[in-house]
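Every number in our numbering is 1 more than the matching position in the sequence shown, counting from 1.
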Amino acid sequence: FRNVSIDLIYGAPGQNADAWERDLERAVDLRPEHVSCYSLGFEEGTPLTKAAGQGLVRRPTDEHLAYLYHIAHSFLTDRGYEHYEVSNYALGPGNRSRHNEGYWNGTPYFGLGPSAHTFDGSGRRSWNVADLEAYVSLVSEGRSPEAGHERLTPAQRLLERLMLGLRTADGMDMDAPTPDAERLVLRWIAEGLCGREGSRLKPTPRGMLMADGMAENMAAAMEPH
Numbered sequence: 002f003r004n005v006s007i008d009l010i011y012g013a014p015g016q017n018a019d020a021w022e023r024d025l026e027r028a029v030d031l032r033p034e035h036v037s038c039y040s041l042g043f044e045e046g047t048p049l050t051k052a053a054g055q056g057l058v059r060r061p062t063d064e065h066l067a068y069l070y071h072i073a074h075s076f077l078t079d080r081g082y083e084h085y086e087v088s089n090y091a092l093g094p095g096n097r098s099r100h101n102e103g104y105w106n107g108t109p110y111f112g113l114g115p116s117a118h119t120f121d122g123s124g125r126r127s128w129n130v131a132d133l134e135a136y137v138s139l140v141s142e143g144r145s146p147e148a149g150h151e152r153l154t155p156a157q158r159l160l161e162r163l164m165l166g167l168r169t170a171d172g173m174d175m176d177a178p179t180p181d182a183e184r185l186v187l188r189w190i191a192e193g194l195c196g197r198e199g200s201r202l203k204p205t206p207r208g209m210l211m212a213d214g215m216a217e218n219m220a221a222a223m224e225p226h
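Have a look at this one:
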């Protein structure tokens, strides 16, 4: 294989900075072309979440997760990896994940299989039935396995565009922002959350970590009064 990606998870109960750095060192020793670093999620109904609710394990604080995130950023960028999206690092632009970038750029995609999602690029998103036997039966009969769909409103599409753009090092175009949006951008720049290249707004690593909240604030600032 000439292009290998490794997924790492941080934020496991009891994991400290030293343990996380050892994971990063082990990964970089293999020199993979791509590394993804994801924060562990506590999903409802899982044994981990139940154990946390019973006090058997302790959830990491947001501050601790941010600390581990910044450790990964410093460690990997110091060793030649480009931090091109909040959770993703590549040895140069040619090794970025084309699959993931398609989602961030709003590229249409077609989902095959149970629970798979489809997006038409113009705002319609649909998903298939989750049950395998039901999916096979529907497809075998020549029927659509679609279980449901939604059409994003212009406001929802704007929020998604902002949210996804602020997660990536390439950022997003902010040509002709409203006065409220311009004031928000200037504040973010002063706070070290982003920079500006021409009309393009590019988040810093700290800004990427706050992309969701920043996107909501920007969407509100861009609404016409």
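All C-beta atoms, glycine included, are put in the ideal place defined by N, C-alpha and C.
Query, Result
"Where the alpha helix (DSSP H) through L202 begins and ends", "Careful: L202 lies outside any alpha helix (DSSP H), inside the beta strand (DSSP E) at 201-204."
"Same chain, Cβ closer than 7 Å to L202, five either side skipped, listed in chain order", "G172, M173, M175, V186, C195"
"Nearest-angstrom Cα separation, counted from P206 out to V87", "7 Å"
"Cα-Cα separation between I7 and P180, rounded to whole angstroms", "43 Å"
"Buried or exposed by the 16-neighbour rule on C-beta atoms within 10 Å, applied to S141", "exposed"
"Other residues of its chain near L165: CB distance less than 6 Å, five sequence neighbours each side excluded", "W105"
"Reduced DSSP category for L49 - H, G, I as helix; E, B as strand; rest coil", "helix"
"Cβ shell of R125 (< 7 Å), same chain only, five flanking positions each side left out", "H150, R152"
"When L49, T108, T78 are compared against L41, the one with the closest alpha-carbon", "L49"
"Cβ contact (3+ pairs, closer than 8 Å) linking the segment 83-98 and the segment 110-121", "no"
"N89 - DSSP class collapsed to helix/strand/coil", "strand"
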